[in-house]
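J.: Taken in order, these protein sequences are the chains called R and P. Sequential numbering of the first sequence, starting at 34, is according to this note's numbering. Sequential numbering of the second sequence, starting at 6, is according to this note's numbering.
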Amino acid sequence: MRLTVNGVAHELDVEEDMPLLWVLRDELGITGPKYGCGIAQCGACTVHVDGEAVRSCQVAAGDVWGAVTTIEGLGRPDALHAVQAAWVEHQVAQCGYCQSGQIMQAAALLAENPSPSDAEIDEAMSGNLCRCGTYPRIRAAVKTAAAALREG
Amino acid sequence: MSRIGRMARRGFLIGSAAIGGGVVFGYWRYRQPLPNPLLDGLAEGEAALTPFVKIGAEGVTLITPRAEMGQGATSVQAYLLAEELDVDPLKVRLDPGQPSPAYYNSAVLAEGLPFAATDTGWLAEQARALTDVPARLLGMQITGGSSTVPDMFDRLRHAGAVARETLKEAAAQETGIARDRLGTDDGAVVLPDGKRLPYTALAPRAATLEPVTEVSLRPESAWRYIGKRVQRTDIVAKSTGTERYGIDLALDGMLFASVRANPGLGGGVNGYDASAAEAMRGVQKVVPITSGVGVIADNTWRAFQAVNAIEIDWAAPAYPASSGEMREALKAAMTAGNRDSRFKDEGDVENALFEGEAIEAEYRVPYLAHAPLEPMNATVLVTDTRADIWTGTQIPRFVQKHAARLTGLGEKQVHVHVLPMGGSFGRRLEDVHVMQAVELAMAVKGRPVKMTWTREEDMTHDFPRPAQIARARGTVRNGKVEALDLSVVSQSVTASWMGRMMVAPPGPDITIVAGAWDQPFAIPHYRVTGYRAPEMVPVSSWRSVGASGNGFFHDCFLDELIHAAGADPLAERLRLCSDPLSRKVLEAVAEMSGWSGPRISETRARGVAFCLSFGVPMAEVVEVSRTPGGIRVDKVYAACELGRIVDPDNFEAQVSGGIIFGLGHAMNCELTYAGHAPEQVNFDSYQGMRLSQAPEIEVRGLENGERIRGIGEPGVPPAAPALANAIFALTGQRIRELPLNRHVSFA
Chain R
34 MRLTVNGVAH
44 ELDVEEDMPL
54 LWVLRDELGI
64 TGPKYGCGIA
74 QCGACTVHVD
84 GEAVRSCQVA
94 AGDVWGAVTT
104 IEGLGRPDAL
114 HAVQAAWVEH
124 QVAQCGYCQS
134 GQIMQAAALL
144 AENPSPSDAE
154 IDEAMSGNLC
164 RCGTYPRIRA
174 AVKTAAAALR
184 EG
Chain P
6 MSRIGRMARR
16 GFLIGSAAIG
26 GGVVFGYWRY
36 RQPLPNPLLD
46 GLAEGEAALT
56 PFVKIGAEGV
66 TLITPRAEMG
76 QGATSVQAYL
86 LAEELDVDPL
96 KVRLDPGQPS
106 PAYYNSAVLA
116 EGLPFAATDT
126 GWLAEQARAL
136 TDVPARLLGM
146 QITGGSSTVP
156 DMFDRLRHAG
166 AVARETLKEA
176 AAQETGIARD
186 RLGTDDGAVV
196 LPDGKRLPYT
206 ALAPRAATLE
216 PVTEVSLRPE
226 SAWRYIGKRV
236 QRTDIVAKST
246 GTERYGIDLA
256 LDGMLFASVR
266 ANPGLGGGVN
276 GYDASAAEAM
286 RGVQKVVPIT
296 SGVGVIADNT
306 WRAFQAVNAI
316 EIDWAAPAYP
326 ASSGEMREAL
336 KAAMTAGNRD
346 SRFKDEGDVE
356 NALFEGEAIE
366 AEYRVPYLAH
376 APLEPMNATV
386 LVTDTRADIW
396 TGTQIPRFVQ
406 KHAARLTGLG
416 EKQVHVHVLP
426 MGGSFGRRLE
436 DVHVMQAVEL
446 AMAVKGRPVK
456 MTWTREEDMT
466 HDFPRPAQIA
476 RARGTVRNGK
486 VEALDLSVVS
496 QSVTASWMGR
506 MMVAPPGPDI
516 TIVAGAWDQP
526 FAIPHYRVTG
536 YRAPEMVPVS
546 SWRSVGASGN
556 GFFHDCFLDE
566 LIHAAGADPL
576 AERLRLCSDP
586 LSRKVLEAVA
596 EMSGWSGPRI
606 SETRARGVAF
616 CLSFGVPMAE
626 VVEVSRTPGG
636 IRVDKVYAAC
646 ELGRIVDPDN
656 FEAQVSGGII
666 FGLGHAMNCE
676 LTYAGHAPEQ
686 VNFDSYQGMR
696 LSQAPEIEVR
706 GLENGERIRG
716 IGEPGVPPAA
726 PALANAIFAL
736 TGQRIRELPL
746 NRHVSFA
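(1) How would you write the range of the alpha helix (DSSP H) that Gln-117(R) sits in, first residue to last?
(2) Identify each residue in the segment 75 to 107 of chain R for which the Cβ-Cβ distance to at least one residue of chain P is less than 9 Å, and report them in chain order.
(3) Buried or exposed: where does Val-29(P) fall if 16 or more other Cβ atoms within 10 Å of its Cβ makes it buried?
(4) Could you name each continuous alpha helix (DSSP H) segment of 4 residues or more that falls completely within the segment 126 to 158 of chain R, going from the start of the chain to the end?
(5) Determine the extent of the alpha helix (DSSP H) in which Pro-471(P) is found, giving its start and end residues.
(6) Pull the bridge partners of Glu-628(P) from the DSSP assignment, please.
(7) On the CB-based measure, 16 or more other CB atoms within 10 Å of its CB, does Gly-628(P) come out buried or exposed?
(8) Could you work out which residue in Arg-739(P), Ala-682(P) and Phe-688(P) is closest to Ala-321(P) when comparing CA atoms only?
(9) Whole angstroms are fine: how far does the CA of Gly-75(P) sit from the CA of Gly-504(P)?
(10) Could you check where the alpha helix (DSSP H) with Glu-174(P) kicks off and where it finishes?
(11) Between which residues of its own chain and Pro-71(R) is the CB-CB distance below 7 Å, once the five residues before and five after are set aside?
(12) Nearest chain R C-beta to Leu-4(P) closer than 9 Å, yes or no?
(13) Let's test the definition: count the other Cβ atoms within 10 Å of the Cβ of Ser-546(P) and tell me whether it reaches 16, buried, or not, exposed.
(14) Going by DSSP, which residues form a beta bridge with Trp-522(P)?
(15) Taking the alpha-carbon positions, what's the Ala-314(P) to Asn-275(P) distance?
(16) Is Gln-418(P) helix, strand or coil by DSSP?
(17) Residues bridged to Tyr-277(P) by DSSP?
(18) How long is the line joining the alpha carbons of Leu-53(R) and Lys-67(R), rounded to whole angstroms?
(19) Is there contact here, the segment 538 to 553 of chain P with the segment 329 to 343 of chain P, by at least three beta-carbon pairs under 8 Å?
(20) Identify which residue in Asp-436(P), Ser-244(P), Gly-669(P) and Gly-737(P) has its Cα closest to the Cα of Leu-107(R).
(21) Under the DSSP definition of a beta bridge, which residues are partnered with Phe-751(P)?
(22) Take Asp-523(P) and list the residues in its own chain whose beta-carbon comes closer than 6 Å to its own, dropping the five residues that flank it on each side.
(23) Using C-beta distances below 6 Å, list every residue in its chain close to Val-443(P), excluding the 5 sequence neighbours before and after it, in chain order.
(24) Take Glu-174(P) and list the residues in its own chain whose beta-carbon comes closer than 7 Å to its own, dropping the five residues that flank it on each side.
(25) Have a look at Leu-95(P) and Tyr-109(P) and give me their C-alpha separation to the nearest angstrom.
(26) For the segment 124 to 140 of chain R, which residues have a beta carbon sitting closer than 8 Å to at least one beta carbon of chain P?
(27) Rounded to whole angstroms, how far is the Cβ of Ile-2(P) from the Cβ of Arg-478(P), which I believe are closer than 8 Å?
(28) Can you give me the C-alpha to C-alpha distance between Met-285(P) and Glu-248(P), rounded to a whole angstrom?
(29) Would Ala-242(P) count as contacting chain R if we go by Cβ distances under 9 Å?
(30) Go through its chain and collect everything with a Cβ distance to Pro-106(P)'s Cβ below 6 Å, but skip five positions before and after it.
(31) Nearest chain P C-beta to Lys-176(R) closer than 9 Å, yes or no?
(32) Using only the alpha-carbon positions, how far apart do Thr-499(P) and Ala-734(P) sit?
(33) Which residues in the same chain have their Cβ closer than 6 Å to the Cβ of Ala-279(P), if we skip the five residues on either side of it in sequence?
(34) At least one CB of chain P closer than 9 Å to the CB of Pro-147(R): is that the case?
(35) Put Arg-172(R) into one of helix, strand or coil per three-state DSSP.
(36) Looking at chain P, is there any beta carbon in it that lies within less than 9 Å of the beta carbon of Met-34(R)?
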């Protein structure tokens, strides 16, 4: 099986039905996407496939239809993506465990809709659970990131 | 009866433990300096100037022994050390250190005392001081009870100052310039001519010196970090997917595992058939463990699949099987024989209830799961001579002791490497999952094993916040609250947890009534009684512990009485409030919310609630509105008093996060039981709060008190009652049971 993750092609020998999440984490050692529920209820495993935000716990390895981007491919500590920079500026994270998924969800939203309304932000981000309750800062950071991306 | 006599009758934990410690160890032992654990295994040229600061050629390492679970403990500890040591917390290495008695928590036990936080009398202060003795003798290294900042505020600044002055002494000896003429800045001693001697270069000489312990702490006017907005030390890692939690650990040769234990907690295994699992791809070994079966494989998902394929015949545990039976057992326990405490008994409650027209109500809260987003996990490597454990934990010393017992190794042979936690909320005050991983690793000695629970295993095997029932009675007279009598029945969190930690159980359990008996109100006839229910499903501390249920009972019933008296909810709480610091908190939240009574309009209303927990008076006003989709929580105002705000940004995050935690569970969550196990085992049926329900939140912290307080938990207790009181103001419906969505719909 062939999988391209963060621009790197990998040849893999795994079951077709192994969820993409576990291929990333345990076969490729890419641990930014997190396991939280395994049933697409928490969003901690969110990655992009061809730019679309998906729950990697629900995508079988054999069904991956395009290039995969994880949070590690979005930006790095020394080269932050605008969404990550906004997350740092607002100090969104508490435990931080859900934030890889939150950031990937927000990045996909803003790529599709550069000026989301409050209702659109709420709708796009409500599939990502945060047990620490960082939601007010997530809303604020999405707006800051949107403004930064619009200004280029 | 005198206060001393009452204290003796209460037979509370600390007094008895302190006396026990005195008999066994002698007071002299308490006075002995604790050894510096960093001195074991120092490399050539490295200096460990205190248990909290290590300096070698490669740089400065700050030891931050209170564990990071999202509350910002690592960051605040680093900044407190840096305030005196003059290093940049973002540039130095941070390490939680190995478990050690040197890192005992001197503040956490004080919360268990039967003295209200507002009681600053001689006896209360003596008892608080005494809690240092058992904490130190037991080497209780615990993260919890909102105690990190109160425990560490002076201690870490002192450690930073000792390290700084010792480094300056080393520089003085090298240069011949007197120590008091030297300065420090960003990791270097600065000579009068501006020349800089890096700490790393001074370490070899400093290591040969007796640490300089006669130091004075810098005055507030010189602070660079305390009270100012700083960057959390982990914020970049947590925004880039590069923070390494326990579940992310990778070691050479590591195997992956999962377990299935009896869904009835503590029940046994009659037998199992693992033949299908053993034939599955990647499965290396099936291992029977305490109360269950584990699978060791080459990939976590394969371990999950294999565990699911094992057929297991469970033996039922001893506790009641269903929620209905548990509730009946709770109700039946509210009898004189089960009376556990009556720490509040003022005026003549019986007479007031006899003479007045008594208002009566029954309140209930359900079992709740902690459900931190990172499921329980641990990685363990066992050999014949040592064990290494990597995990997120609030109790590293207990992990060390329990693993030593299980493996037959000595405690010093057990090394616990504490990793950042993806949430905890009290969950990782337990270590059953860690011991399961130890059992698996013992079956494949020499290979590290990372054991991860499925979410379903995690929810099924949580030790929940106990369900509680309260019976409340009260009277009003001439527009005022006259009497309040609250009886609470609950399992004992303290007895349940201490049983698992193998520590002697205390007398009365303060957590059964915490958040109710200790509230600063001068109600003429006022009584709070705790009843201890038998142990059922094992229970544990859940963010804000006893106050999470009692705050709801106490404040909502007070709101009922105030309504019956025809008084304004905020004005009457203020009139009754006997603590000046708490009054200021109520006044602040009134001003922030523009309080003008509970009704805002036909479709909007507000409720206020107050709870003093962990020494922090906290008042919250919740505004709600009626929408076509149901009741919407629009806005929350919160004001609290905590003596000193160390990190304003994290303070705001902890309070607003606590409010969302409190509201989300109050609105949407409960664990119900069938067949001894919870019926809610994943986030489809136990969601907490999602972003679409989150209100706007405005927080204000006051700094009028003399004592510094922690803020991880106090935001939680007033949230549920403030919302229930707001719903009453909006709809006239008084909801006396959580979760609220049993009775109303939320937008």
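Glycine included, each C-beta is placed from N, C-alpha and C at the ideal position.
T.: Looking at the coordinates:
(1) Residue numbering aside, residue 117(R) sits at position 84 when the first sequence is read from its first letter. Looking at the DSSP string, the run of the alpha helix (DSSP H) that includes Gln-117(R) is 115 to 122.
(2) Flagged, chain order: Cys-75, Ala-77, Thr-103, Ile-104, Glu-105 and Leu-107.
(3) For the purposes of this step, residue 29(P) is taken as residue 24 along the second sequence, with counting starting at 1. For Val-29(P), the predicted structure reports a pLDDT of 29, less than 50, and the residue's modelled location is therefore unreliable. A value from the coordinates is still provided. Under a 10 Å Cβ-count criterion, Val-29(P) is classified as exposed, with fewer than 16 other Cβ atoms of the shown protein chains found around its own Cβ.
(4) Correct list: 132 to 145 and 151 to 158.
(5) For this step, residue 471(P) is matched to residue 466 along the second sequence. Premise fails: Pro-471(P) is in no alpha helix (DSSP H) and is neither H nor E.
(6) By one-based count along the second sequence, residue 628(P) stands at place 623. Glu-628(P) pairs with Arg-611(P) and Lys-640(P).
(7) Taking the second sequence and counting its residues from 1, the one referred to as residue 628(P) is at position 623. Looking at the sequence itself, residue 628(P) is Glu, so the reference to Gly does not match. Glu-628(P) sits buried, since 16 or more C-beta atoms from the chains shown fall within 10 Å of its C-beta.
(8) As a first step, residue 321(P) is located in the second sequence; it is residue number 316 there, counting from the start. Answer by Cα proximity: Ala-682(P).
(9) Here residue 504(P) refers to the residue found at position 499 of the second sequence. Here residue 75(P) refers to the residue found at position 70 of the second sequence. Rounded to whole angstroms, Gly-504(P) to Gly-75(P) spans 27 Å at the Cα level.
(10) For the purposes of this step, residue 174(P) is taken as residue 169 along the second sequence, with counting starting at 1. That run of the alpha helix (DSSP H) goes 153 to 180.
(11) Working through the first sequence from its first residue, we reach residue 71(R) at position 38. What sits at residue 71(R) in the sequence shown is Gly, not Pro. Hits under 7 Å: Cys-90.
(12) Residue 4(P) is absent from the structure shown; chain P starts at 6 and stops at 752.
(13) Here residue 546(P) refers to the residue found at position 541 of the second sequence. So Ser-546(P) counts as buried.
(14) On the second sequence, position 517 is the one that residue 522(P) refers to. Its beta-bridge partners do not exist; DSSP assigns none.
(15) Position 309 of the second sequence holds residue 314(P). Position 270 of the second sequence holds residue 275(P). Straight-line measurement puts the Cα of Asn-275(P) at about 17 Å from the Cα of Ala-314(P).
(16) The residue given as residue 418(P) occupies position 413 in the second sequence. In the displayed model, Gln-418(P) falls within a helix according to three-state DSSP.
(17) Within the second sequence, numbered from 1, the residue matching residue 277(P) stands at position 272. According to DSSP, which records beta bridges pairwise, Tyr-277(P) is partnered with Ile-317(P).
(18) Here residue 53(R) refers to the residue found at position 20 when the first sequence is read from its first residue. Here residue 67(R) refers to the residue found at position 34 when the first sequence is read from its first residue. Using only the alpha carbons, I get a separation of about 11 Å.
(19) Yes, the segment 538 to 553 of chain P touches the segment 329 to 343 of chain P.
(20) Within the first sequence, residue 107(R) is the residue found at index 74, counting from 1. Minimum Cα distance to Leu-107(R) is reached at Ser-244(P).
(21) Start at 1 with the first residue of the second sequence, and residue 751(P) comes out as number 746. According to DSSP, Phe-751(P) shares a beta bridge with Ile-636(P).
(22) Here the question's residue 523(P) lines up with position 518 in the second sequence. Excluding residues up to 5 positions away in sequence, Ala-121 lie with their Cβ nearer than 6 Å to the Cβ of Asp-523(P) in the same chain.
(23) The count along the second sequence starts at 1 and reaches residue 443(P) at position 438. Here the set comprises Val-385, Ala-408 and Leu-411.
(24) Looking up residue 174(P) in the second sequence gives position 169. Cβ-Cβ distances below 7 Å link Glu-174(P) to Arg-184, Leu-214 and Val-217 in the same chain, with the five nearest sequence neighbours on each side left out; the list follows chain order.
(25) For this step, residue 95(P) is matched to residue 90 along the second sequence. For this step, residue 109(P) is matched to residue 104 along the second sequence. Cα atoms of Leu-95(P) and Tyr-109(P): separation of roughly 26 Å, rounded to the nearest angstrom.
(26) Residues Gln-124, Val-125, Ala-126, Gln-127, Cys-128, Gly-129, Tyr-130, Cys-131, Gln-132, Ser-133 and Ile-136.
(27) Because chain P in this structure spans residues 6 to 752, residue 2(P) falls outside the shown range and cannot be described.
(28) What you label residue 285(P) is simply residue 280 of the second sequence in a count that begins at 1. What you label residue 248(P) is simply residue 243 of the second sequence in a count that begins at 1. Taking the straight line from one Cα to the other gives about 33 Å.
(29) Here residue 242(P) refers to the residue found at position 237 of the second sequence. At least one CB atom of chain R sits nearer than 9 Å to the CB of Ala-242(P).
(30) Counting from one through the second sequence, the residue named residue 106(P) turns up at place 101. The residues Leu-39 and Gly-144, in chain order, have a CB closer than 6 Å to that of Pro-106(P) in the same chain once the five nearest residues on each side in sequence are set aside.
(31) Taking the first sequence and counting its residues from 1, one reaches residue 176(R) at position 143. Output row for Lys-176(R): interface = no.
(32) Position 494 of the second sequence, counted from the start, is the residue given in the question as residue 499(P). Position 729 of the second sequence, counted from the start, is the residue given in the question as residue 734(P). Roughly 36 Å separates the two Cα atoms.
(33) Translated into the one-based positions of the second sequence, residue 279(P) becomes position 274. Within the same chain, Ala-279(P) has close Cβ partners Val-291 and Ile-315.
(34) What you label residue 147(R) is simply residue 114 of the first sequence in a count that begins at 1. Not one chain P Cβ lies under 9 Å of Pro-147(R).
(35) Taking the first residue of the first sequence as 1, we reach residue 172(R) at position 139. Residue state, collapsed to three classes: helix.
(36) The residue labelled residue 34(R) in the question sits at position 1 within the first sequence. Under the Cβ distance rule, Met-34(R) does not count among the residues neighbouring chain P, no pair being separated by less than 9 Å.
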